[in-house]
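Comments concern the structure below.
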Amino acid sequence: MVGRIALFISCLLLFQATTAPVTILFYGDSLTAGHGLNSPDQAFPTLVEKKLTAQGKQVKVINAGLSGETSAGGLSRLDWVLRQPVDIFILELGANDGLRGLPLDQTRKNLQAIIDKVKAKNPDVKLVIAGMMVPPNLGADYGTSFQKIFPELAKKNNASLIPFLLQGVAGDEKLNISDGIHPNPAGHKILADNVLKVVGPLVK
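Once you know that position 63 of the sequence shown is 63 in the UniProt record's numbering, the rest is easy, because the numbers rise by one and skip nothing.
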């Protein structure tokens, strides 16, 4: 009898372990937060969650985007965000650093510090880095060096890379709100697809 009870408990624990949702944390700026949208539900993190759920995958998405966030700001508030366990951490920061022409070495250092903290808190976490670009008015050298930060960090930290989060959206006025920078609902649908190409295979 005792053996049967032990077997039942083991099976129950195994079932619970295999059905626990995968926690995906989106950590970013106004793009992640959904600036300019009527509802956060229109932002790409929620759209990613809905699409993964429709595929039969159990996920829990946390949107930790904050409009105006820089890499330094992201580093300063990270401890509060990491109070809960995370399975997949999607880092979408650096764009505001680039738009302000901040020193690239500092941006790289801040992003690496964020990655280090995430890995220390969640050793088995799967990291995803969202690549970004900056407008050409900042100069070709700055723009090229900025763009290289993200694949270099991904390679260094064995992280997955979204080559350019705004691929197919940047520069298209039909897919952005009036400021020409932030995607509208149609644009966020494309962002969600860009993310899913990389994140989808990570969710078992």
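For glycine and all other residues, C-beta sits at the position ideal for the given N, C-alpha and C.
Keep in mind the model is a prediction, meaning the values are calculated, not measured.
| Asked | Found |
| --- | --- |
| Can you give me the start and stop residues for the alpha helix (DSSP H) that Gly-73 sits inside? | 71-76 |
| Looking at Ala-33: is its Cβ nearer than 8 Å to the Cβ of Gly-65? | yes |
| Hey, would you say Val-199 sits closer than 8 Å to Val-86, going by beta carbons? | no |
| To the nearest angstrom, how far is the alpha carbon of Lys-121 from that of Ala-20? | 19 Å |
| Rounded to whole angstroms, what is the Cα-Cα separation between Asp-124 and Lys-117? | 13 Å |
| Which same chain residues end up closer than 7 Å to Pro-151 when comparing Cβ atoms and leaving out the 5 residues on each side of it in sequence? | Gly-131, Leu-161 |
| Hey, Gln-112 and Met-133 are a contact pair by Cβ (cut 8 Å); roughly how many whole angstroms apart? | Not quite, the Cβ-Cβ distance comes to about 20 Å (not below 8 Å), so this is no contact. |
| Apart from the five residues just before and just after Leu-153, which ones in its own chain have a Cβ nearer than 8 Å to its Cβ? | Arg-108, Leu-111, Gln-112, Ile-115, Ile-129, Ala-159 |
| In chain order, which continuous runs of the alpha helix (DSSP H) of length 4 or greater are located wholly inside the stretch 46-102? | 71-76, 78-81, 95-99 |
| CB-CB under 7 Å to Val-59, same chain, minus the five flanking residues each way: which ones, in chain order? | Pro-21, Val-22, Ile-24, Glu-49, Leu-52, Thr-53, Val-203 |
| Between which residues of its own chain and Ala-17 is the CB-CB distance below 8 Å, once the five residues before and five after are set aside? | Interpretation of Ala-17 is limited by its pLDDT of 47, a score under 50 that renders its predicted location unreliable; no figure is taken from the coordinates. |
| Within 7 Å: the Cβ of Val-128 and any heavy atom of the ligand HEM? | In the structure shown, the ligand HEM is absent, as is every other ligand, since no ligand is present at all. |
| Beta-carbon within less than 6 Å of Asn-63's beta-carbon, same chain only, minus the 5 sequence neighbours each way: which residues are those? | Phe-26, Pro-45 |
| Enumerate in chain order the residues of its own chain whose CB-to-CB distance from Ala-192 is below 7 Å, with the five nearest sequence positions on each side excluded. | Phe-44, Leu-47, Val-48, Lys-51 |
| Given a threshold of 16 other Cβ atoms within 10 Å of its Cβ, counted over all protein chains shown, does Gly-28 qualify as buried or as exposed? | buried |
| Do Asn-38 and Thr-70 have their beta-carbon atoms positioned less than 8 Å apart in this structure? | no |
| Hey, how far is the Cα of Asn-194 from the Cα of Phe-164? | 8 Å |
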